[in-house]
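K.L.:
Questions regarding the structure given below will be posed in turn.
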Amino acid sequence: MSRPTVPTEPTGRPVGLIGTGVIGSATIGRLLAAGRQVVVPNRTREHAAAVLAAGARWASGADEVVDRCDVVFSGLRNTSAVRAVHGDLVRRVRPGQILAEHGTFDPGRAAARAGAAERGGALLDAPVTGGRR
Numbered sequence: 005m006s007r008p009t010v011p012t013e014p015t016g017r018p019v020g021l022i023g024t025g026v027i028g029s030a031t032i033g034r035l036l037a038a039g040r041q042v043v044v045p046n047r048t049r050e051h052a053a054a055v056l057a058a059g060a061r062w063a064s065g066a067d068e069v070v071d072r073c074d075v076v077f078s079g080l081r082n083t084s085a086v087r088a089v090h091g092d093l094v095r096r097v098r099p100g101q102i103l104a105e106h107g108t109f110d111p112g113r114a115a116a117r118a119g120a121a122e123r124g125g126a127l128l129d130a131p132v133t134g135g136r137r
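The sequence shown runs 5 to 137 under my numbering.
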């Protein structure tokens, strides 16, 4: 069985990233430096000002990000934040779309992964540890 190839050049399709905290902002900076278009929402636009100034594009909410992007990363603070955002994301997921959560959340959120799979997408648990570096 052959492995899918990973494109080395930007495809032109933006990547979504929900969560503009320390780790999210660093990730957005790296994606922008690699030539990717990045779409971000935030509850408060002012909290996304630095990544917007660096070239990220604004979205009015997580639902807009999932509509505009084939791959959506999120790095949310805790289970309640994940629950608040992922319900809408899973209901809107398209076949082939990937949602990856980097934040800390209750393992009981496995039901959301099943909901994404039923719609033809995938919700990945992809934890990130450490700080900005």
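C-beta: ideal position from N, C-alpha, C; glycine also.
Given the structure is predicted, the values throughout are model-derived calculations rather than measurements.
Rounded to the nearest angstrom, how far is the Cβ of Ala76 from that of Leu103, given a contact under 8 Å?
P.N.:
Your numbering for residue 76 matches position 72 in the sequence shown. Your numbering for residue 103 matches position 99 in the sequence shown. Reading off the sequence, residue 76 comes out as Val, not Ala. Contact flag correct, Cβ pair sits at about 5 Å.
K.L.:
Return the CA-CA distance between Ser29 and Glu105, expressed in angstroms with no decimal places.
P.N.:
For the purposes of this step, residue 29 is taken as residue 25 along the sequence shown, with counting starting at 1. For the purposes of this step, residue 105 is taken as residue 101 along the sequence shown, with counting starting at 1. Cα-Cα distance, rounded: 15 Å.
K.L.:
On the premise that Arg96 lies in contact with Val70, defined as a C-beta separation below 8 Å, what is that separation, rounded to the nearest angstrom?
P.N.:
Residue 70 sits at position 66 when you count from the first residue of the sequence shown. Residue 96 sits at position 92 when you count from the first residue of the sequence shown. That belief holds up - the Cβ atoms of Val70 and Arg96 are roughly 5 Å apart, short of 8 Å.
K.L.:
Suppose you measure from the CA of Asp110 to the CA of Val26; what does that come to, to the nearest Å?
P.N.:
Counting from one through the sequence shown, the residue named residue 110 turns up at place 106. Counting from one through the sequence shown, the residue named residue 26 turns up at place 22. Taking the straight line joining both Cα atoms gives about 21 Å.
K.L.:
Determine which residues share a DSSP beta bridge with Ala126 and list them.
P.N.:
Numbered from its first residue, the sequence shown carries residue 126 at position 122. For Ala126, which the question treats as bridged, DSSP gives the partners Ile102.
K.L.:
With a CB to CB cut of under 6 Å and the five nearest residues on each side skipped, what residues in its chain are close to Arg61?
P.N.:
By one-based count along the sequence shown, residue 61 stands at place 57. These residues qualify, in order along the chain: Val43.
K.L.:
Unbroken alpha helix (DSSP H) runs of length 4 or more, entirely within the stretch 73 to 100: which are they?
P.N.:
For the stretch 73 to 100, whole alpha helix (DSSP H) runs of length 4 or above, ordered along the chain, are 83 to 96.
K.L.:
Under 8 Å by Cβ, that's how I've got Asp92 and Asp67 pegged, so tell me the actual separation to the nearest angstrom.
P.N.:
Locating residue 92 in the sequence shown gives position 88, where the first residue counts as 1. Locating residue 67 in the sequence shown gives position 63, where the first residue counts as 1. That belief holds up - the Cβ atoms of Asp92 and Asp67 are roughly 5 Å apart, short of 8 Å.
K.L.:
For Asn82, count neighbouring Cβ atoms within 10 angstroms of its own Cβ and tell me buried if that reaches 16, exposed if not.
P.N.:
As a first step, residue 82 is located in the sequence shown; it is residue number 78 there, counting from the start. Exposed, since its Cβ has fewer than 16 Cβ neighbours within 10 Å.
K.L.:
Just confirm the distance between the C-beta atoms of Gly125 and Arg98, as a whole number of angstroms; I'd bet it's less than 8 Å.
P.N.:
The sequence position of residue 125 within the sequence shown is 121, counting from 1. The sequence position of residue 98 within the sequence shown is 94, counting from 1. Going by Cβ atoms, the distance from Gly125 to Arg98 rounds to 6 Å, so yes, they are a contact pair.
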